[in-house]
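2 protein chains.
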Amino acid sequence: MDAQMAAPVTMRSTSSMMKTLNRLSCYGKHGVENYLMGKCTSNSQEMVIIKDTNVQVGHRFKHFDWFHDRLLEKFGAVIPIPGLPEKQITGRFEFEFIEQRCSRLQTWIARLSQHPVIAQSEVFQHFLHFTDEKVWKAGKRKAEKDEVIGGFIFNVMLTPPTELSVQTIESSQDEFGCFVRRMDEGIRNITSTIHDFDKSCTGGVARELQRFGKHLVEHAEAFSCSGYLGEVNALVMAMQHTGKTFKDIGFLFSEHPKKDWNSFMELLLEYKGLLACFPHILQNHKAATEKLKECDKCVTANKMTLLEKETVNKRVDIMAYAGG
Amino acid sequence: MDAQMAAPVTMRSTSSMMKTLNRLSCYGKHGVENYLMGKCTSNSQEMVIIKDTNVQVGHRFKHFDWFHDRLLEKFGAVIPIPGLPEKQITGRFEFEFIEQRCSRLQTWIARLSQHPVIAQSEVFQHFLHFTDEKVWKAGKRKAEKDEVIGGFIFNVMLTPPTELSVQTIESSQDEFGCFVRRMDEGIRNITSTIHDFDKSCTGGVARELQRFGKHLVEHAEAFSCSGYLGEVNALVMAMQHTGKTFKDIGFLFSEHPKKDWNSFMELLLEYKGLLACFPHILQNHKAATEKLKECDKCVTANKMTLLEKETVNKRVDIMAYAGG
Chain D
1 MDAQMAAPVT MRSTSSMMKT LNRLSCYGKH GVENYLMGKC TSNSQEMVII
51 KDTNVQVGHR FKHFDWFHDR LLEKFGAVIP IPGLPEKQIT GRFEFEFIEQ
101 RCSRLQTWIA RLSQHPVIAQ SEVFQHFLHF TDEKVWKAGK RKAEKDEVIG
151 GFIFNVMLTP PTELSVQTIE SSQDEFGCFV RRMDEGIRNI TSTIHDFDKS
201 CTGGVARELQ RFGKHLVEHA EAFSCSGYLG EVNALVMAMQ HTGKTFKDIG
251 FLFSEHPKKD WNSFMELLLE YKGLLACFPH ILQNHKAATE KLKECDKCVT
301 ANKMTLLEKE TVNKRVDIMA YAGG
Chain S
1 MDAQMAAPVT MRSTSSMMKT LNRLSCYGKH GVENYLMGKC TSNSQEMVII
51 KDTNVQVGHR FKHFDWFHDR LLEKFGAVIP IPGLPEKQIT GRFEFEFIEQ
101 RCSRLQTWIA RLSQHPVIAQ SEVFQHFLHF TDEKVWKAGK RKAEKDEVIG
151 GFIFNVMLTP PTELSVQTIE SSQDEFGCFV RRMDEGIRNI TSTIHDFDKS
201 CTGGVARELQ RFGKHLVEHA EAFSCSGYLG EVNALVMAMQ HTGKTFKDIG
251 FLFSEHPKKD WNSFMELLLE YKGLLACFPH ILQNHKAATE KLKECDKCVT
301 ANKMTLLEKE TVNKRVDIMA YAGG
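Same order as they appear, the protein sequences are chains D and S. UniProt numbering numbers the first residue of the first sequence as 1 and each following residue consecutively. UniProt numbering numbers the first residue of the second sequence as 1 and each following residue consecutively.
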């Protein structure tokens with residue numbers, strides 16, 4: 001699958017993560033709160049067959065931005081939708097930067113295409129099979145009118161009928177929360193260590209090996225000016241060769257990360273993007289169990305019928321099953 | 001050849017180099033000035049056959065100190081006598097430090113034994129074949145009474161009869177001076193680069209590789225607490241193994257200099273010691289050519305006979321030949 005950026009794009013100053021925070025609120029029209037209380041029903045029967053067409057689609061960055069917004073709205077309550085590759089802080093040549101961002105956007109879309117629900121969604125297929133402007137605009141309007149977004153996504157989900165206890169749900173929330181925190185911590189540690197190691201190799205070690213090589217070559221020249229009548233040429237040549245070899249080794253050290261760590265670092269960056277989504281998803285799940293406890297109290301206080309409460313209970317179960 | 005230190009020794013606070021500076025003055029009783037002006041004649045016919053006896057001699061550091069003083073007095077005007085291995089600035093464990101100093105003293109004496117004039121000298125043989133205290137003291141007294149020291153060493157030298165021009169002497173002084181400066185500069189550059197490289201490897205790189213390994217092992221634990229029902233054990237074990245291997249590689253990096261650079265650094269230290277002697281030797285040689293020019297003026301001013309001047313000239317030639 002290939003998604004190409006057509007031209008340099010204008011960068012946004014707000015981060016996708018901040019957007020995630022705002023979009024995934026439990027409350028508001030499409031919030032989990034309204035879903036749990038049955039404030040919206042949907043008769044949508046979405047079903048899209050995934051097709052790998054190998055079509056090359058040329059998208060501008062603003063298309064990605066729009067697409068990310070739709071995915072976040074529609075699936076963000078249950079599926080981790082990683083943020084778009086961000087503007088880099090450290091200054092790079094424009095070309096190198098654009099190339100890197102293109103590659104990260106391709107990784108981003110490839111990751112999403114692996115998710116069965118996302119890959120089969122209409123909006124994903126629309127984005128992937130962009131052909132002409134007219135078709136694009138029609139699909140865009142349709143996607144923007146979609147009502148099955150936010151917490152309401154759970155309305156279109158079919159889950160096993162077995163009821164789950166609040167204890168079971170909460171214990172798996174805790175377990176998963178702990179896993180996410182440890183994964184996040186681990187990836188942060190590994191990333192920072194590789195960053196330091198990379199700096200040591202491309203900075204110190206590479207520079208020092210090249211400096212050592214340079215000094216050896218210079219030192220060889222000292223011998224050639226010694227006025228010594230013996231066989232000096234072989235020594236000078238050997239030292240020059242050794243010096244050159246050390247310079248080459250230094251150069252290999254400076255080039256090494258490009259061929260080794262960089263792809264690993266890109267993978268960690270992807271993981272980081274995915275992990276950043278879970279706290280908000282977990283927050284929704286926790287809000288759901290809290291709501292259920294609240295409903296229990298309402299039933300005791302005769303403010304809610306048992307049947308009403310059981311409907312909420314079923315909706316919470318659907319969320320729990322959806323959360324895996 | 002083996003020279004062993006019998007016990008921990010008291011360190012001197014003054015450096016050997018300072019001593020060299022004071023000892024190698026052109027002036028004073030045994031200075032080059034007095035030699036050139038024929039203020040001392042000697043009928044000594046020193047001749048010592050070098051014998052490799054493989055005798056192990058146990059010397060205290062003060063014996064080395066005394067021996068170094070004798071060599072400097074006797075040969076310092078013409079042969080580079082490197083300073084004794086110094087007290088280290090950076091704190092080390094006493095044992096490690098003593099072991100290193102012992103090894104450096106052995107290198108020091110091995111280097112001197114390679115010089116034909118020094119190796120054949122009475123004082124060297126005396127030092128090398130130390131047996132009992134009585135013999136030692138007799139030889140010590142004899143060496144201390146030696147009159148063929150300082151500039152007077154040139155009195156016992158036989159050189160080719162061909163006269164040398166002041167221009168020839170001065171040009172080879174300049175050439176050698178340039179070589180010494182460039183060697184010194186080169187060795188300083190190489191030493192400082194290796195020092196930095198060593199720090200990068202044993203510090204940064206070793207630490208970061210070990211940290212990376214540690215984080216991988218920790219990250220493996222995150223997976224084992226994930227609650228994921230699939231095959232996690234193989235992944236955890238692979239990550240633990242990889243982490244351990246990175247720790248091991250980090251350890252190898254920290255141990256590396258001991259097995260590689262250290263012996264090279266010791267050799268550079270030896271070179272440094274030898275090179276430090278040349279400026280003073282060159283100074284003596286330059287003083288000699290200056291004296292010769294002064295004598296030329298004296299002859300013109302009728303303050304010196306041509307015969308007297310030619311005697312000085314011969315002595316300067318001997319020095320030039322001795323300087324190689």
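We put the beta carbon where it would ideally sit given N, CA and C, even for glycine.
Original post:
Using the rule of at least 16 other Cβ atoms within 10 Å of the residue's Cβ for burial, across every protein chain shown, is Leu267 of chain D buried or exposed?
Top reply: exposed
Subject >> Separation of Ile281 of chain D from Asp174 of chain D, as counted between CA atoms >> reply: 13 Å
Original post:
CA-CA distance, Val217 of chain S and Gly250 of chain S?
Top reply: 14 Å
Original post:
Beta carbon of residue 406 of chain S, beta carbon of Val32 of chain S: below 7 Å?
Top reply: Only positions 1 to 324 of chain S appear in the structure, and residue 406 of chain S is not among them; the question remains open.
**OP:** Only counting runs of 4 or more residues, tell me where the alpha helix (DSSP H) segments fall wholly within the stretch 105 to 147 of chain S, in order along the chain.
**Re:** 116 to 120, 122 to 128 and 133 to 145
**OP:** Could you work out which residue in S:Gly203, S:Glu170, S:Glu255 and S:Thr191 is closest to Glu270 of chain S when comparing CA atoms only?
**Re:** S:Thr191
Original post:
Quick one: which chain D residues come within Cβ less than 8 Å of His215 of chain S?
Top reply: Gly186, Asn189, Ile190 and Thr193
Original post:
Starting from Ile281 of chain D and walking both ways along the alpha helix (DSSP H), at which residues does that stretch end?
Top reply: Phe278 to Thr300
Original post:
Is His59 of chain S helix, strand or coil when you go by DSSP?
Top reply: strand
Original post:
Anyone know if the C-beta pair for Phe212 of chain D and Thr193 of chain S falls short of 7 Å?
Top reply: yes
Subject >> Where Cys277 of chain D meets chain S, residues with beta-carbon distance less than 7 Å >> reply: Simply none; closest approach about 16 Å.
Original post:
Does the pairing of the stretch 107 to 116 of chain S with the stretch 295 to 315 of chain S give three or more beta-carbon distances under 8 Å?
Top reply: no
Original post:
Which residue comes first and which comes last in the alpha helix (DSSP H) that contains Tyr228 of chain S?
Top reply: Here Tyr228 of chain S belongs to no alpha helix (DSSP H), and DSSP marks it neither H nor E.
Subject >> Length of the line joining the Cα atoms of Glu122 of chain D and Pro279 of chain D >> reply: 27 Å
Subject >> Three-state class that DSSP yields for His195 of chain S in the structure shown >> reply: helix
Subject >> Proximal residues of chain D, C-beta to C-beta of residue 344 of chain S below 7 Å >> reply: As shown, chain S starts at 1 and ends at 324. That puts residue 344 of chain S outside it, with no answer to give.
Original post:
Given Val236 of chain S, which residues of its chain have a CB within under 8 Å of its CB, disregarding the five upstream and five downstream residues?
Top reply: Ala220, Glu221, Phe223 and Ser224
Subject >> Simplified DSSP assignment, three categories, for Arg315 of chain D >> reply: helix
**OP:** Would you tell me roughly how many angstroms separate the C-alpha atoms of Pro242 of chain D and Gln125 of chain S, rounded to the nearest one?
**Re:** The sequence as given places Thr at residue 242 of chain D; Pro does not occur at that position. Whole-angstrom Cα-Cα distance: 40 Å.
**OP:** Could you tell me the distance, in whole angstroms, from the CA atom of Leu84 of chain D to the CA atom of Leu71 of chain D?
**Re:** 11 Å
Original post:
Going by other Cβ atoms of all chains shown within 10 Å of its Cβ, with 16 needed for buried, is Arg141 of chain D buried or exposed?
Top reply: exposed
Original post:
Asn22 of chain D to His256 of chain D, Cα distance in whole Å?
Top reply: Low confidence applies here, because Asn22 of chain D scores a pLDDT of 45, under 50, leaving its location unreliable and the question unanswered by this model.
Original post:
Can you find a C-beta in chain S that's less than 7 Å from the C-beta of Val9 of chain D?
Top reply: Annotation note: pLDDT 28 at Val9 of chain D (below 50); position unreliable, coordinate value reported separately. No, its Cβ sits nowhere closer than 7 Å to a Cβ of chain S.
**OP:** Within its chain, find whatever has a CB closer than 8 Å to the CB of Ala77 of chain D; leave out the 5 residues flanking it on each side and keep chain order.
**Re:** Leu24, Val32, Gly150, Gly151, Ile153, Phe154, Ile281 and Asn284
**OP:** Determine the contact status of Met157 of chain D and Leu275 of chain D, defining contact as a CB-CB distance below 7 Å.
**Re:** no
**OP:** Quick one: grab the DSSP three-state call for Val156 of chain D.
**Re:** helix
Original post:
Thr202 of chain D and Phe253 of chain D look like a contact to me (Cβ under 8 Å); what is the Cβ gap, rounded to whole Å?
Top reply: 7 Å
Original post:
What residues in the stretch 153 to 182 of chain D have a beta carbon less than 8 Å from any beta carbon of chain S?
Top reply: Ser172, Glu175, Phe176, Cys178, Phe179 and Arg182
Original post:
Nearest CA to the CA of Phe176 of chain S: which residue from D:Ala206, D:Tyr228, D:Phe67 and D:Asn189?
Top reply: D:Tyr228
Original post:
Skipping 5 residues on each side, what residues in its chain have a beta carbon closer than 8 Å to that of residue 325 of chain S?
Top reply: The structure shown does not extend to residue 325 of chain S, since chain S is modelled only from 1 to 324, so the question has no answer here.
Subject >> Contacting residues, own chain, Cβ-Cβ under 7 Å from Ala288 of chain S (five flanking each side not counted) >> reply: Val32, Leu36, Val316 and Met319
Original post:
In three-state DSSP terms, what is His30 of chain S?
Top reply: coil
Subject >> CB-CB length for His215 of chain S against Asn189 of chain D, believed under 8 Å >> reply: 4 Å
Subject >> chain D contact residues for His219 of chain S, given Cβ-Cβ distances below 7 Å >> reply: Gly186 and Ile190
Original post:
Between Leu292 of chain S and the ligand GTP, is the CB less than 6 Å from at least one heavy atom?
Top reply: Of the ligands one can find in the structure shown there are none, so the ligand GTP has no counterpart to examine.
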